[in-house]
Amino acid sequence: MNNMKKVLIVGLGAIGSIYAVKLSAYDPDCVFVLVDEARKLRYQRDGIIFNGQPYNFHYLTSAQADQDIDLILIATKSHGLQQALDDIAPFVHPGTVIISLLNGVSSPAAIADRYGWEGVLYAFFTGHGSTRVDNAITHDGVCTIVFGEAENKTYSQSVQRVTALFDQAGIEYDVPEDMLLALWKKFVLNVGVNQASAVLRATYGDFQQNERALGIAVKLMEEAVEVARAEGIHHADELLPWSLDFIHSMTPAFKSSMLQDVEAGRATEVDLFGEVVCDLGAKHQIATPWNAMFVRLIRALEPA
Ligand SMILES: NC(=O)C1=CN([C@@H]2O[C@H](COP(=O)(O)OP(=O)(O)OC[C@H]3O[C@@H](n4cnc5c(N)ncnc54)[C@H](OP(=O)(O)O)[C@@H]3O)[C@@H](O)[C@H]2O)C=CC1
Ligand SMILES: CC(C)(CO)C(=O)C(=O)O
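Residue numbers (the working numbering): 7 to 310.
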């Protein structure tokens, strides 16, 4: 088993910068940030400001694929994923592990469609939300990368290599035995909270205190649970209770990433949530009227 020495981060935003900062604190020469020429100029000029501290990193364009990259961490929004998949091509070699921190359940298959499943692990970010305004990121340090193969009774080589790096770099992680169940728990939560919060402009506190607001999130989540069952996710009956516990455990003032997108006038990631529930519902002949309606409402909130 060879050690991981070089990490390429794609997407130096609210989530990607948490890990660029952590990895550069561990070893500034181990972390690279993939950019195009325009982003390179912008980052070289402005860097990023993470919790008030300025940072700069080693920026690489696709034309500068002169490093043997062991791990690629993708942290773009959903609308940046296809371009990111094109841009990483020169860095993907046998043995390169690729992890996506995008919300939702669909990005691992999108990566595998392009590069095969061999280097792809399932993953997601959990913890407290991270906020970005232009190049300034604020995060309170509560974060875990949950990752692994679909099943992790024993750890594959890829999982062992990533855990070794994360242990050395002090990156908090969890490798659940049933990774698909973990991924779908987070998905069901996001389908309910992110979408309902975007339309209702609701914080976690609103869902904790207002039963009618929570009831709307539950309707969205129930459809996602039915779809999960049809997709063969084991223990699907755990999905809704887990999501409700998560909602009640969150800091009341926190806002979902989708509410932040709507408030900032940005495109949303409804393609990762309601649209996936509707597509899978159609595949399994499950009615998904709540998600269909929320997709339309959220699309109407996006910039024209
Ligand atoms: N923020 C949060 O609290 C949470 C976010 N997530 C998920 O994490 C993912 C990332 O979200 P977040 O970090 O908030 O998003 P951000 O918009 O803050 O960051 C995305 C970054 O990706 C960059 N980017 C897009 N395309 C490329 C590309 N081809 N090459 C290089 N960089 C690129 C963007 O650059 P530019 O600005 O120049 O376009 C931007 O800096 C999403 O799927 C989100 O749902 C999950 C949990 C919590
Ligand atoms: C981390 C969490 C659960 C915070 O709401 C999230 O995934 C999001 O906002 O998209």
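No residue lacks a Cβ here, since even glycine has one placed at the ideal position from N, Cα and C.
Contacts around residue i, its chain only, beta-carbon distance under 7 Å, and the 5 residues preceding and following it disregarded
| i | result |
| --- | --- |
| leucine 171 | Met10, Leu77 |
| asparagine 158 | Val165, Val181, Pro182, Glu183, Met185 |
| leucine 29 | Val13, Cys36, Val37, Ala175 |
| asparagine 200 | Ser262, Ser263, Met264, Phe279 |
| aspartate 52 | Asn141 |
| isoleucine 239 | Leu186, Leu187, Trp190 |
| serine 249 | Lys191, Val194, Leu195, Gly198, Met227 |
| alanine 71 | Pro96, Phe97 |
| threonine 67 | Val41, Asp42, Glu43, Lys46 |
| alanine 118 | Val126 |
| arginine 305 | Val276 |
DSSP three-state assignment for residue i, whether helix, strand or coil
| i | result |
| --- | --- |
| glutamate 275 | coil |
| glycine 135 | coil |
| phenylalanine 130 | strand |
| isoleucine 105 | strand |
| glycine 1 | Residue 1 lies beyond the range of the chain shown here (7 to 310); nothing can be said about it. |
| glycine 238 | coil |
| valine 111 | coil |
| valine 152 | strand |
| tyrosine 5 | Residue 5 falls outside the range modelled here, since the chain spans only 7 to 310, and no answer is possible. |
| glutamate 308 | coil |
| valine 98 | coil |
| arginine 302 | helix |
Bridge partner(s) assigned by DSSP for residue i
| i | result |
| --- | --- |
| isoleucine 55 | Pro60, Ala142 |
| valine 37 | Val13 |
| isoleucine 78 | Leu14, Ile104 |
| aspartate 180 | Val152 |
| glutamate 217 | DSSP lists no partner for glutamate 217. |
| glutamate 244 | In DSSP, glutamate 244 forms no bridge with anything. |
| glutamate 157 | Asp184 |
Beta-carbon proximity of residue i to residue j, cut-off 8 Å
| i | j | result |
| --- | --- | --- |
| leucine 107 | isoleucine 75 | no |
| glycine 133 | threonine 150 | yes |
| leucine 91 | arginine 120 | yes |
| leucine 127 | valine 103 | yes |
| glutamate 275 | serine 84 | yes |
| alanine 202 | isoleucine 222 | yes |
| isoleucine 143 | alanine 20 | yes |
| proline 258 | glutamine 214 | yes |
| phenylalanine 153 | alanine 115 | no |
| phenylalanine 260 | tyrosine 210 | yes |
| glutamine 82 | valine 27 | Note on residue identity: the sequence assigns threonine, not glutamine, to residue 82. No. |
| lysine 225 | tryptophan 123 | no |
| alanine 236 | histidine 290 | yes |
| isoleucine 54 | leucine 18 | yes |
6 Å CB neighbourhood of residue i in its chain, flanking five on each side removed
| i | result |
| --- | --- |
| proline 309 | Gly271 |
| asparagine 6 | Since the displayed the chain opens at 7 and closes at 310, residue 6 lies outside it and no answer follows. |
| tyrosine 65 | Val39, Val41, Lys46, Tyr49 |
| leucine 286 | Val233 |
| leucine 303 | Val205 |
| alanine 230 | Val194, Val197, Val283 |
| phenylalanine 252 | Leu195 |
Per-residue burial, residue i [other beta carbons within 10 Å of its own, 16 or more giving buried]
| i | result |
| --- | --- |
| aspartate 93 | buried |
| threonine 160 | exposed |
| proline 60 | exposed |
| alanine 156 | exposed |
| valine 268 | buried |
| serine 23 | buried |
| arginine 138 | buried |
| aspartate 33 | exposed |
| alanine 293 | exposed |
| valine 301 | buried |
| aspartate 277 | buried |
| valine 148 | exposed |
| glutamine 163 | exposed |
Sequence-distant residues of the same chain with beta carbon closer than 8 Å to residue i, five excluded per side
| i | result |
| --- | --- |
| asparagine 216 | Ala208 |
| glutamate 244 | Leu187, Lys191 |
| asparagine 57 | Ile143, Thr144, His145 |
| alanine 298 | Gly280, Cys284 |
Short CB-CB distance (under 8 Å) between residue i and chain C
| i | result |
| --- | --- |
| aspartate 52 | No chain C is present in this structure, which holds just one protein chain. |
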